[in-house]
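J.: The structure's right below; bear with me while I get my questions together.
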Amino acid sequence: MPSFAFGRNEMFLNGILPVHQMREHFGPIALLLSRIPVPFFEHVYSVMLPENSEPSALNLLTSIAFMRGFMSASGIPDCSRAARFVIQDVVSGRIIMGKIMKPGKVVLVLRGKYAGRKALVVKAQDEGGADRSYPHAIIAGIDKYPLKVTKSMGKKKQEKRNKLKPFVKVVSYSHLLPTRYSVDVAFDKANINKESLKIPKKKRCALAEIKSKFEERYKTGKNKWFFTKLRF
């Protein structure tokens, strides 16, 4: 069973954990440096990093602290304040790390009827829209998971226990926990969209497609961890 949640460094960068809870400030910045080219930081923060060595979180934070005047009473660069400053820029969107909520991304639902369920992002809307001003996504998940089967069970019983119950829903990003995993299931977005979810008949068709795709993936034995209930 894989570990679904991001590490603390990732959670700070994604705004899942508030920046004021950060105690170790070099880890998140080192992760950021591994994803974004150094010249970008030099341009945004008007700093110069050493060319003769591999850029480090310490070098970047020290340079930003000097440039912004983040100094302690004894004249030492305040790297922790510089780190919070940079991470706030990431969370606010000034620094773009790249989209996290992509189709196929595995997420955990945090609130509501389906809290604790695993789901896949079908379509993400980072900027919100006319109907919802906040970032949100259409997700397809599993409400009732398949049950364990054994060779001693009859064919009908095995088929019954292999069935699952899906759900589809539009959910705010703040109610989703993205994981590091993805599942390659292609849904027909003409059938699964916000308009179809408003019409009962079309929603039933969308659920039927999701159920068919999930059961097909489950029977092939791929991504078994996705089809097991999360224990907590």
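If you're matching positions, the sequence shown starts at 1439 in the working numbering and goes up one per residue. Quick reminder that beta carbons are idealized off the backbone N, C-alpha and C, glycines included. Computed from a predicted structure; not experimentally measured.
1. Are the segment 1488 to 1498 and the segment 1464 to 1475 in contact at 8 Å, needing three or more beta carbon pairs?
2. Per DSSP, Ser1416 forms a beta bridge with which residues?
3. Under 8 Å between C-beta atoms, does Leu1614 make it to chain C?
4. Taking 7 Å as the limit between beta carbons, can you name the residues of its chain near Phe1464, skipping five residues before and five after?
5. Do Pro1541 and Val1560 come within 8 Å of each other at the CB atom, strictly closer than that value?
6. Out of Phe1625, Ala1520 and Lys1556, state which residue places its alpha-carbon closest to the alpha-carbon of Lys1603.
7. Determine the contact status of Ala1646 and Val1606, defining contact as a CB-CB distance below 8 Å.
8. Taking Cβ positions, are Ile1648 and Ala1578 nearer each other than 8 Å?
9. Between Asp1516, Gly1507 and Gln1526, which lies nearest to Pro1455 when the distance is taken from Cα to Cα?
10. Please report how far the alpha carbon of Glu1489 lies from the alpha carbon of Phe1478, in whole angstroms.
11. I need the straight-line Cα distance from Leu1451 to Gly1445, nearest angstrom please.
12. In whole angstroms, what separates the C-alpha of Val1587 from that of Ser1650?
13. On the criterion of 16 or more Cβ atoms from any shown chain inside 10 Å, does Asp1626 qualify as buried, or is it exposed?
14. Do the CB positions of Val1608 and Lys1632 come within less than 8 Å of each other?
15. At a cut of 8 Å, does the segment 1591 to 1600 reach the segment 1616 to 1625 through at least three beta carbon pairs?
T.: Based on what the coordinates show:
1. yes
2. The structure shown does not extend to residue 1416, since the chain is modelled only from 1439 to 1670, so the question has no answer here.
3. Structure shown: chain C not included; a single protein chain is present.
4. Ala1495 and Leu1496
5. Against a cut-off of 8 Å, the Cβ pair of Pro1541 and Val1560 comes out as a contact.
6. Lys1556
7. no
8. yes
9. In the sequence as presented, Pro is not what sits at residue 1455; that position holds Leu. Among Asp1516, Gly1507 and Gln1526, the Cα nearest to that of Leu1455 is on Gln1526.
10. 14 Å
11. 10 Å
12. 19 Å
13. Label assigned to Asp1626: exposed.
14. yes
15. no
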